[in-house]
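The block underneath contains the structure these notes are about, expressed in structure tokens.
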Amino acid sequence: MSQWKISNFEEYQKAYMASLENPDQFWGNIAESFQWKKKWNTVKSGGFQNLDFKWFDGSELNITENCLDRHLSSQPDKLALLFEPNDPHGEVIKYTYRELHEAVCKTANMIKGLGIKKGDRVCLYMSMVPELLISVLACARIGAIHSVVFGGFSAQSLAGRIQDSDCKLLITNDGGYRGDKIIPLKEISDEALKNCPSIENVIVHSRTKSEVKMQSGRDHWWHDLYKNSSADCPAETMKAEDPLFILYTSGSTGKPKGVLHTTAGYMVWAAYTFQNVFQLNDEKDLYWCTADIGWITGHTYITYGPLLSGVTTVMFEGVPTYPDAGRFWNIVDKHQITHFYTAPTAIRALMACDQSLVEKANLSSLKVLGTVGEPINVEAWEWYNEHVGKKKCPIVDTWWQTETGGIMISPLANITKTKPCFATLPIPGVSLELVDADGKVIEGNRVEGNLCVSQSWPGQARTVWGDHERFKQTYFGTYPNKYFTGDGCRRDEDGYYRITGRVDDVINVSGHRIGTAEVEDAIDLLENVIETAVVGYPHDIKGQGIYAYIIMKDAEVNVDSFIKTVREQVTKVIGPIAKPDKIQIVSGLPKTRSGKIMRRILRKVAEGDSKNLGDTSTLLDPSVVTEIVNGAK
Ligand code: WT7
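Here it is in structure tokens:
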């Protein structure tokens, strides 16, 4: 247990003050408990003015020594990873810290054998199998930069991400199990690789034994390389600010951003937030985060955070509704999970299913529940609290982002008093500000504004891969010297924070970020489309759904088949997660005289609130609004 672990509210308050008054001393002390090859010269340096912030500069380390080697002397036989397969009767796979260390070293040597060196980019397009987590760590072991692409993305999305960061190696599976489906990952990869000249080699881990084509000279079976690989792999020496990984996320333009995280600050942030938020205090505690490693939650809170903390991390291959909507609860009982971390969208989906499934589960092992990814609604919060936590488990509603590296606002379990739907208070090190549209800081409580962070924290992203200017514009361009999150937020009478959702052109569908421009660009590529406008609207299960307004070129075409084509197109270009839920064919879009689409109006119509459209007098052609309102009905 770390000496910096907070154990009561007073300690939290002290830590919070200390972290902002004297960040060097605060984070310096915390960092002492990690394993370094060389200590830092400065704890925190640079800042938002020149965007040259650095943490633990001058130090040298390898994050995998902290995740693995460090635990070998103290607890080699402790379970590091417990894998629950898609098939409830399939094999549960377990790795002790010793075994995981060995698997990571062998995998690291295997990719090194294909010529991968420090700084090279490796793309991981895999299903949720242990080898994905192992590959992530294997890259980190040798200083290769991992870029995990979620297995639900299309060939085109995969290709775009590989090209953007010039990955040299791709690791994939033959296929991935997802409920009753098999995702043909290798086949999708082959399609993507037609346009990815930077890829020299492909490693294929066999999971589904599906038939795949192997291109000689390029494609290698994981098991062939693995068996001849040595288990001796010294960890590469990394500087504090050497890149650890790239993770693509959507923004307000069509092209996803490669968010870059570096080594030392991310490591300290992942471990600090994991231990303080979740509070695993018993040797027997068992923690399960249901995210996919393809998202930041899976990076920080399935992989790095838990392993840095020496606990057992549970990884689940399947989906919440297979073989039925009781699967999560069965897994909790089967393994006696104590700490359970999931997304509001999963809670809402399971709430809407047969209630007997949750009622017949025991769930008495649970101690702490968590949510992440999107605002949770009161009904879902209450249901989670009553039916899953049996009113005895605190719910940690954790607010953070791909760019923040780890949790920023959250109750600390059993320490911070919770309030339904509130992320509550900032983690030590996080200095929040609410600002109005002009960038003026809003003081006091019972206020609402745009959420900013005014000082650098160790886990923050350092740049957008290959586009530092975009990094600067996106996060620091709106308000000078502040990191702008893109979220709206309320601060209530107790100083508690409640996130109200995105204030930019980003839609949060089932906790996944999708840029409206991305979807518009995909649809606009269709022959029969003149223009598209995409907005989000409230959706019972997904939080937000996607609503597309489309102007067709040839309106004589059969509308039903056209709508089908649009859905297929978005699946092809982005992936099934970005498929519009509703599509409305329109003859025009509400535009200002300067040609800007008035999305506010489109959002209102999509919400079904056509009475409060506000001022439409500045529109070029106000009559389109009437048509759109009538068409929506
Ligand atoms: C956006 C970040 C954080 C990992 C998963 C999503 C929304 C996230 C919460 C929460 C309300 C939340 C925000 C944020 N969000 N957590 N607890 N309450 N909203 O990471 O894909 O980078 O998305 O998710 O809008 O900006 P991401």
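Last residue of the sequence shown? That's 1515 in my numbering, and every number before it is there in order. No residue lacks a Cβ here, since even glycine has one placed at the ideal position from N, Cα and C. Treat the numbers as computed from the prediction; the structure is a model and nothing was measured.
Quick check: does the Cβ of G1377 come within less than 8 Å of any heavy atom belonging to the ligand WT7? no
With a CB to CB cut of under 8 Å and the five nearest residues on each side skipped, what residues in its chain are close to V1346? K1139, G1140, V1141, L1142, R1352, F1353 and T1356
Which residue marks the beginning of the alpha helix (DSSP H) containing H1217, and which one marks its end? R1209 to H1217
Terminal residues of the beta strand (DSSP E) in which W1347 lies: That residue, W1347, is in no beta strand (DSSP E); it is neither H nor E in DSSP.
Identify, in the order they occur along the chain, each residue of the same chain with its Cβ nearer than 8 Å to the Cβ of K960, setting aside the five sequence neighbours on each side. H953, T978, Y979, G1192 and T1194
When you compare only the Cα positions, how much space is there between V1400 and D1387? Note on identity: in this sequence residue 1400 is Glu, with Val being the wrong assignment. Their Cα atoms are separated by approximately 10 Å.
When burial is assigned at 16 or more other CB atoms within 10 Å of the CB, is V1084 buried or exposed? buried
Tell me which residues share the same chain as A1460 and place their Cβ nearer than 6 Å to its Cβ, disregarding the 5 neighbours each side in the sequence. I1396, V1401 and V1452
According to DSSP, D1369 sits in a beta bridge with which residue or residues? R1384
Hey, V1317 and V1335 are a contact pair by Cβ (cut 8 Å); roughly how many whole angstroms apart? Their Cβ separation, rounded to whole angstroms, is 11 Å, which puts V1317 and V1335 out of contact at 8 Å.
Taking 8 Å as the cut-off, is the beta-carbon of A1152 closer than that to any non-hydrogen atom of the ligand WT7? no
Mapping DSSP to helix, strand and coil, what is F1156? helix
Suppose you measure from the CA of Y995 to the CA of P1308; what does that come to, to the nearest Å? According to the sequence as given, residue 995 is Gly; it is not Tyr. Distance between the alpha carbons of G995 and P1308: 44 Å.
If you follow the beta strand (DSSP E) that S1238 is in, where does it begin and where does it stop? From DSSP, S1238 is part of no beta strand (DSSP E) but of the alpha helix (DSSP H) over S1238 to E1241.
Inter-residue spacing [alpha-carbon to alpha-carbon] between R1328 and R1372: 7 Å
Comparing the CB of G1298 with every heavy atom of the ligand WT7, is any distance shorter than 8 Å? Reading off the sequence shown, one finds Thr at residue 1298, where the question assumed Gly. No; taking the cut-off as 8 Å, the Cβ of T1298 has no heavy atom of the ligand WT7 nearer than that.
Does the region 1474–1486 come close enough to the region 1498–1509 to have 3 or more Cβ pairs within less than 8 Å? yes
Bridge partners for N1083 per DSSP, in chain order? L1051
Alpha-carbon spacing of F1304 relative to F891, whole angstroms: 17 Å
Whole-angstrom distance between I888 and A913, CA atom to CA atom: 15 Å
With a cut-off of 8 Å on the beta carbons, I'd call V1278 and S1292 a contact; round off their distance for me. 5 Å
V1086 versus T1367 - alpha carbon distance: 37 Å
Alpha carbon to alpha carbon, how far is S1047 from E1285? 17 Å
Using only Cβ atoms and a threshold of 7 Å, which residues come within that distance of a heavy atom of the ligand WT7? Order them by chain position. T1131, W1177, I1178, T1179, T1253, V1254, G1255, E1256, P1257, I1258, D1279, T1280, W1281, W1282, Q1283, T1284, E1285, A1305, T1367, G1368, D1369, I1381, G1383, R1384, N1390, G1393, H1394 and R1395
Can you look up D969 in the DSSP assignment and give me helix, strand or coil? coil
Contact check, E1256 vs T1227 under 8 Å by CB: the rounded distance? 7 Å
So, are the CB atoms of I1175 and M1008 less than 9 Å apart? yes
Could you check where the alpha helix (DSSP H) with H953 kicks off and where it finishes? R952 to S956
Spatial neighbours of A985 in its chain, beta-carbon cut-off 7 Å, leaving aside the 5 residues before and after: Y977 and I1016
Do you know offhand how far D1056's Cα is from G1326's? 55 Å
Looking only at its own chain, which residues have a Cβ that is under 7 Å from the Cβ of F938, when we skip the five neighbours before and after it? A913, W922, V925, A1122, A1146 and G1147
Tell me whether the region 1117–1133 and the region 938–952 touch, counting them as touching only if at least three CB pairs, one residue from each stretch, are closer than 8 Å. yes
Near K1464, which residues of its chain fall below 8 Å by C-beta distance, leaving aside the five closest residues on each side in sequence? Y1419, G1427, I1428, Y1429, A1430 and A1488
Cβ separation of D1124 and T1144, assumed to be a contact under 8 Å, to the nearest whole Å: 6 Å
Does DSSP put K1139 in a helix, a strand or coil? strand
Where the alpha helix (DSSP H) containing H983 begins and where it ends: Y979 to G995
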